[in-house]
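Each residue of the sequence shown is one higher than the one before, starting from 481 at the first, in our numbering. Okay, structure first, notes after.
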Amino acid sequence: MLTQTKTMLLKAKLGNYAVGAFNINNMEIGQAIIEAAEREHAPVICQTSEGSIEYAGMDMLLAIGRELARSSKIPMSLHLDHGKNVDIVKQAIHAGYESVMYDGSSHEFKRNIELTRSIVSLAHSKSISVEAELGAIAGIEDFVSIEDQDANLTNPEQAKEFVKQTKCDFLAIAIGTAHGAYKFTKKSKLDLNRLKEIKKQVKIPLVLHGASSVPKSAVKKIKKYGGDLGKPVGVSNKDLKRAVKLGINKVNTDTDVRLAFTGGVRKLLKKEKDQFDPRKILKPAYEEIVDMVRWKIRLLGSSNKA
Ligand code: G3H
Ligand code: 13P
Ligand code: ZN
């Protein structure tokens, strides 16, 4: 059932849990995410990146999103993930996404405020909410020194000023996560004290990007059936649960879905050497995604919150 992202996230903030936001690139991934959310009775956000729009087209993804929402029994919204190109963000606002992310994090503070503020004003005129980003979403190990880390992770005072000036609805913060499967060289490490400080200053829902867990079992399965990802490391269950407890209300996950998909496809192709029906090839991938997303939803505490 189509629901505003803001409605879901404000409810999550009150209930102290996080809504899972999963990236979709095609129909099957979207269907699997919705099936997982239905089986967990959880609200869910499907999001499309600029890369997925380049791959499938905004109209196609919007059509998939609309049909998923129409036929689903749980609250669901379609969100633009990491809109960096202002034209794409405006296109998504006009096309009718429930919410958009404007990612101005590569700009310096004042310019990020200016650009975000103008997107917020357009989006709000159409009752669409906006996620903005402050700080660099890169692993703590990407920073050469403590000073460098401090300059790149979200500054709590700046976050307060940023929200006040932009009037954004949700804020993506940098506390040491990174996108992709190789987030840390050894083990999960987030700056949770920084999250506590940001939470004191910022009253809107907070968003954690780069939150994939990269479960060892998923990496092992890919290896068992012929793949090799080296030594990826994701966010530990303990860190993720703690981040949610400390006030994260939207958790972005794409890599874990990709790992589940890849494990399923590799297994099928290795086991059924004569298979060439795409529907049969994608079935185990679909099931792997359902299991993975259900597990993530439980970790975020949003089961039975639909
Ligand atoms: O934030 C990154 C997401 O995983 C999207 O990745 O740009 O390859 O679609 P993508
Ligand atoms: P992961 O790469 O950790 O799944 O992060 C996805 C993300 O932040 C999408 O915006
Ligand atoms: Zn992200």
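The C-beta atom is built at its ideal place from N, Cα and C for all residues, glycine as well. As the structure is a prediction and not an experimental result, all values here were calculated from the model.
{"Check": "Nearest residue (CA-CA) to Arg738, options Asp719, Ala572 and Ala698", "Outcome": "Ala698"}
{"Check": "Buried or exposed (CB count within 10 angstroms, at least 16 for buried), Tyr577", "Outcome": "buried"}
{"Check": "Given 8 Å, three or more beta-carbon pairs between the region 593-603 and the region 623-630", "Outcome": "no"}
{"Check": "Alpha-carbon spacing of Ser783 relative to Asp622, whole angstroms", "Outcome": "34 Å"}
{"Check": "First through last residue of the alpha helix (DSSP H) which encompasses Gln645", "Outcome": "Pro636 to Thr646"}
{"Check": "Proximity to Ser692 [Cα-Cα], best of Leu541, Gly619, Asn632 and Gly727", "Outcome": "Gly619"}
{"Check": "Contacting residues, own chain, Cβ-Cβ under 6 Å from Ile728 (five flanking each side not counted)", "Outcome": "Ala498, Leu686 and Leu688"}
{"Check": "Any non-hydrogen atom of ligand 2 closer than 6 Å to Gly710 Cβ", "Outcome": "no"}
{"Check": "Same chain, Cβ closer than 7 Å to Lys804, five either side skipped, listed in chain order", "Outcome": "The question about residue 804 has no answer, for the chain in this structure spans 481 to 786."}
{"Check": "DSSP three-state assignment for Asn506, whether helix, strand or coil", "Outcome": "coil"}
{"Check": "Secondary structure, alpha helix (DSSP H): runs of 4+ residues fully inside the region 502-564", "Outcome": "507-520, 530-536 and 538-551"}
{"Check": "Paired residues, beta bridge with Phe650 - DSSP", "Outcome": "Glu611"}
{"Check": "Backbone secondary structure at Lys683 - three-state DSSP", "Outcome": "coil"}
{"Check": "Rounded distance between the beta-carbons of Leu560 and Met581, thought under 8 Å", "Outcome": "6 Å"}
{"Check": "Own chain, CB closer than 6 Å to Ser557, minus 5 neighbours either side, in chain order", "Outcome": "Thr483, Thr485, Ile525 and Glu578"}
{"Check": "Ile608 and Gly690 closer than 7 Å at C-beta", "Outcome": "no"}
{"Check": "heavy atom of ligand 1 below 6 Å from Gly744 C-beta", "Outcome": "no"}
{"Check": "Identified DSSP bridge partners for Asn732", "Outcome": "Ala501"}
{"Check": "Beta strand (DSSP E) runs wholly inside the region 702-783, at least 3 long, in chain order", "Outcome": "728-733"}
{"Check": "Heavy atom of ligand 2 within 6 Å of Ser692 beta-carbon", "Outcome": "yes"}
{"Check": "Distance CB(Leu762)-CB(Glu508) smaller than 7 Å", "Outcome": "yes"}
{"Check": "Spatial neighbours of Thr487 in its chain, beta-carbon cut-off 8 Å, leaving aside the 5 residues before and after", "Outcome": "Pro555"}
{"Check": "The region 704-718 / the region 511-527 touching (three or more Cβ pairs under 8 Å)", "Outcome": "no"}
{"Check": "Identity of the residue in Gly545, Ser551, Ala575 and Asn632 nearest Ser586 by Cα", "Outcome": "Asn632"}
{"Check": "Leu494, buried or exposed, once every other Cβ within 10 Å from all chains shown has been counted against 16", "Outcome": "exposed"}
{"Check": "Glu534 versus Phe741 - alpha carbon distance", "Outcome": "20 Å"}
{"Check": "Environment of Asp708 [buried if 16+ CB atoms lie within 10 Å]", "Outcome": "exposed"}
{"Check": "Cβ-based burial, Lys676 [other Cβ within 10 Å; buried from 16]", "Outcome": "exposed"}
{"Check": "Per DSSP, cross-strand counterpart(s) of Leu482", "Outcome": "Met556"}
{"Check": "Between the CA atoms of Lys747 and Phe650 - distance to the nearest angstrom", "Outcome": "39 Å"}
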